[in-house]
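Asks: Mind having a look at this structure? Questions to follow.
Protein chains: 2
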Amino acid sequence: MKSKEGFGKVLGRLEREILEVLWARQEATGKAIFAEIKSTREIALTTVLTVLERLWKKGLVKKVKGDSVYVFRPAYTKEGFAREVSGTVLKGIFEISKSGACASFIDTLADTDPVELDRLTVLIENKKKELERKR
Amino acid sequence: MKSKEGFGKVLGRLEREILEVLWARQEATGKAIFAEIKSTREIALTTVLTVLERLWKKGLVKKVKGDSVYVFRPAYTKEGFAREVSGTVLKGIFEISKSGACASFIDTLADTDPVELDRLTVLIENKKKELERKR
DNA sequence: ATAATATTCGACAAACTGTAGAATGTCAAG
DNA sequence: CTTGACATTCTACAGTTTGTCGAATATTAT
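Chains as they are written, first to last, in our numbering: chain A, 1 to 135; chain B, 136 to 270.
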């Protein structure tokens, strides 16, 4: 299966770069973010500002007036964001095939970081207990 | 977190509908697919044909000349497709946050179908054994 | 060869993302 | 209060993706 860009692309390249900067710094001005990205590749300040604005409209970053300049912050932690997004995506994929998605999940995890398998076992146990308590 | 359309949208609405028809039928002519979708909502034959063509270009369906008419087939099983796609998506999300994605995976699964938790435990055990064998 | 059918082409609209210059707003120093 | 310097927003365009079809072309059957 090819598909150049990959399916379920979650964010655009620049959007992603910006969020990564914000997650690393907790908060930053548009200019600071611009500077950091600029150190990597050619880009205009307004480009960064525009995308920040879009991220704000999407509710992914917060914008607060600081000392005469707006300061941006991520609206979600990396973990929270990954959680939300994968929740959405997985729900969609489960609709297509739960078993396929499960298999792939384990494969991908094992591929990426086998140690996580143990942690996952624990998560499952906890979840089971949690479900039982509710019952 | 809002985001009207959900992140990681895997396929467009019509693309998805068409694939679902194909997965259900194994194979079908464009016309047959058109008829099925038409029974649900107003749509033109060429619209369906065009999207079938695009799915073919993406490598998601096969197109074979049958008895004077092209017959389409899914290029992947539902399971295989879900597997591929979730592999891609998850790899991307893991890059953002493995723990977040794992947590969400368990949550979503427990939400959708708690019984699967046990099956997942088995999958993990098998995967661990497989990894050990390789070592 | 004609009429009926099937298939492909070309187009347009609406989102989404990247890109950035132009216009406008703000605020402090003179 | 006017002028700069800097900050922010506006407007615009290009490229991609998906949905949508009519028109043109090709194929088949009569």
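Think of the CB as a built atom: it goes at the ideal place given N, C-alpha and C, for glycine as much as any other residue.
I'd like to know if G30 (chain A) contacts chain B, where contact means its C-beta is closer than 8 Å to some C-beta of that chain.
Replies: no
Asks: From the DSSP secondary-structure annotation, give me the bridge partner or partners of K63 (chain A).
Replies: DSSP output for K63 (chain A) lists A:F72 as bridge partner(s).
Asks: Could you run through the segment 106-135 of chain A and flag, in chain order, every residue whose CB is less than 9 Å away from some CB of chain B?
Replies: I106, D107, T108, L109, A110, D111, T112, D113, P114, E116, L117, D118, R119, L120, T121, L123, I124, E125, N126, K127, K128, E130, L131
Asks: Would you say A238 (chain B) faces chain A, with C-beta separation under 8 Å as the test?
Replies: yes
Asks: Skipping 5 residues on each side, what residues in its chain have a beta carbon closer than 6 Å to that of F169 (chain B)?
Replies: L180, V183
Asks: For chain A, is any of its Cβ atoms less than 8 Å away from the one on G215 (chain B)?
Replies: yes
Asks: When the Cα atoms are used, what is the spatial distance from A167 (chain B) to A210 (chain B)?
Replies: 18 Å
Asks: Between the segment 192-206 of chain B and the segment 65-85 of chain A, do at least 3 Cβ pairs fall closer than 8 Å?
Replies: They do not touch, by the three-pair rule.
Asks: Does the Cβ-Cβ distance between V220 (chain B) and I43 (chain A) come in under 8 Å?
Replies: no
Asks: Based on Cα-Cα distance, which residue from B:S234, B:E260, B:L252 lies nearest to K127 (chain A)?
Replies: Restricting attention to B:S234, B:E260, B:L252, the CA atom closest to the CA of K127 (chain A) is found in B:L252.
Asks: Hey, is V64 (chain A) close to the ligand PLP, as in C-beta under 7 Å from one of its heavy atoms?
Replies: Within the structure as shown, the ligand PLP is missing, as the structure has no ligands at all.
Asks: Just by C-beta distance, which residues in the segment 215-236 of chain B are closer than 7 Å to chain A?
Replies: G215, F216, A217, R218, E219, V220, S221, G222, T223, V224, L225, K226, G227, I228, F229, I231, S232, K233, S234, G235, A236
Asks: Taking 8 Å as the cut-off, decide whether the C-beta atoms of S239 (chain B) and R83 (chain A) are in contact.
Replies: yes
Asks: Here's the rule: buried if 16 or more other CB atoms are within 10 angstroms of the residue's CB, otherwise exposed. What is V156 (chain B)?
Replies: Classification for V156 (chain B): buried.
Asks: Tell me the rounded alpha-carbon separation between R208 (chain B) and G59 (chain A).
Replies: Near 40 Å, if we compare the C-alpha coordinates of G59 (chain A) and R208 (chain B).
Asks: Have a look at the DSSP bridge pairing and note the partners of A291 (chain B).
Replies: Since the first residue shown for chain B is 136 and the last is 270, residue 291 (chain B) is missing from the structure and cannot be characterised.
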